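Worksheet: the structure to be examined is printed underneath.
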Amino acid sequence: MATGLSVSSFERIDWSRPWFAPFAERGARWQRAALESEAAYLAELNRDACASGQTTGRGKPLAFIAQDDLPPGAAYEAHIGATGCVPTRRNLHDFFNALMWFTFPRIKAALNARQSEAIDELGIGPTRGGVRDTLTLFDENALLFATADPSLAEALRNFDWHTLLVENRSAWGERCEVRSFGHALLEKLIAPYKACTGHAWIVEVPNEYFSWSDAQQRALLDETTSASIEREPLASRMFAPLPVLGIPGWWPANDDPAFYDDKQVFRSGRRAR
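Remember, this note's numbering sits 22 above the position in the sequence shown when you count from 1.
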């Protein structure tokens, strides 16, 4: 769902931000094309799609089409699954969605496959149903929390912010890290605010993960997470809320432990109570 931001909003992307930086090389090229014209933008996306060999949830070659080319009455996810063509508007919401097809291609394909299966089974109704709601939540608002330390995962699940973000601050980059995924979340982070919260999907990784290259790390997260999406019963309780600006190294103000004293943002949560 778009927020109505104009094309000029592309100029507001700050690729130095830690939530955008991993996508900067490809993203800055797309950004220039988007500011030029819709035709130039779609051509740039499709050049990358052709070069990647990426497929969607049902094995169709990935491509990007104008939103107006989606046939009347066609369901968005079902159309992607059946044709490989992703209806795409020239706005930030769809821009970040397209970037994820190249950053975590297997996760995107797995999400599309499960959505397509649910549509086949239940059709399109006034509500999506629990599985489709969870898939949409992942697609729109997920963060990938990779950790080699079960105690840090437990702190996240239990809203134990002091343990996770203050006491174990040195663990970030050595025993845990976060990767952006949700495209609606990335759109919100054009203008970051303290209460902006992602839904963290916890991924257990080996200790040596933190010495690997970025490409190796992304490949493991892509493979592990997509496998979970493909086979597990899905529900929204599988996520853990995580205020994005609280992530160590992601916002200068959180160097001060008092940053986390804001109970309106860093709440105790039902599980902690």
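Ideal placement from N, C-alpha and C gives every residue a C-beta, glycine not left out. Source: prediction; values computed, not measured.
Reduced DSSP category for residue i - H, G, I as helix; E, B as strand; rest coil
i, result
"proline 83", "strand"
"alanine 257", "coil"
"phenylalanine 2", "Missing from the structure shown is residue 2; the chain here goes from 23 to 295 and no further."
"alanine 296", "The question about residue 296 has no answer, for the chain in this structure spans 23 to 295."
"leucine 166", "strand"
"arginine 69", "helix"
"tryptophan 194", "strand"
"phenylalanine 160", "helix"
"aspartate 142", "helix"
"aspartate 182", "coil"
"serine 38", "coil"
"tyrosine 215", "coil"
"alanine 24", "Residue placement at alanine 24 is poorly supported in this model, since its pLDDT is 40, which falls under 50; the coordinates still yield a value, given next. In the structure shown, alanine 24 sits in coil (DSSP, three-state: anything other than H, G, I, E or B)."
Beta-ladder partner(s) of residue i, from DSSP
i, result
"threonine 77", "Pro83"
"leucine 264", "Gly220"
"alanine 88", "Thr110"
Beta strand (DSSP E) segment containing residue i, residue limits
i, result
"histidine 221", "219-226"
"serine 290", "No beta strand (DSSP E) contains serine 290, which DSSP labels as neither H nor E."
"arginine 201", "198-202"
"proline 109", "107-110"
Cβ-Cβ separation, residue j to residue i (assumed contact under 8 Å), whole Å
i, j, result
"isoleucine 141", "glutamate 196", "The pair is not a contact, with the Cβ atoms about 42 Å apart (cut-off 8 Å)."
"valine 225", "leucine 243", "6 Å"
"threonine 110", "alanine 120", "6 Å"
"glycine 79", "alanine 164", "That belief does not hold up - the Cβ atoms of glycine 79 and alanine 164 are roughly 17 Å apart, past 8 Å."
"phenylalanine 32", "leucine 57", "5 Å"
For residue i, the first and last residue of its enclosing alpha helix (DSSP H)
i, result
"glutamate 47", "46-58"
"leucine 178", "172-179"
"leucine 208", "205-210"
Inter-residue Cα distance where the pair is residue i and residue j
i, j, result
"proline 44", "glutamate 162", "18 Å"
"leucine 67", "proline 279", "42 Å"
"arginine 69", "glutamate 139", "29 Å"
"valine 266", "glutamine 53", "24 Å"
"glutamine 286", "glutamine 238", "37 Å"
"glycine 127", "alanine 73", "Here residue 127 is proline; the residue named in the question, glycine, does not match the sequence. Using only the alpha carbons, I get a separation of about 13 Å."
"aspartate 284", "lysine 216", "10 Å"
"alanine 193", "serine 290", "22 Å"
"alanine 24", "asparagine 190", "Summary for alanine 24: the model assigns pLDDT 40, below 50, so the residue's position carries little reliability, and this model does not support an answer."
"valine 153", "alanine 213", "30 Å"
"leucine 187", "valine 227", "19 Å"
"phenylalanine 203", "glutamine 89", "22 Å"
"threonine 156", "proline 172", "24 Å"
"glutamate 199", "tryptophan 41", "12 Å"
"aspartate 182", "alanine 104", "43 Å"
"glutamate 176", "lysine 130", "27 Å"
"threonine 125", "tryptophan 272", "20 Å"
"alanine 71", "tyrosine 63", "13 Å"
"serine 258", "leucine 159", "8 Å"
"leucine 211", "phenylalanine 118", "11 Å"
Minimum Cβ-Cβ distance from residue i to chain D less than 8 Å
i, result
"histidine 205", "In summary, chain D is missing from the structure at hand, where a single protein chain is found."
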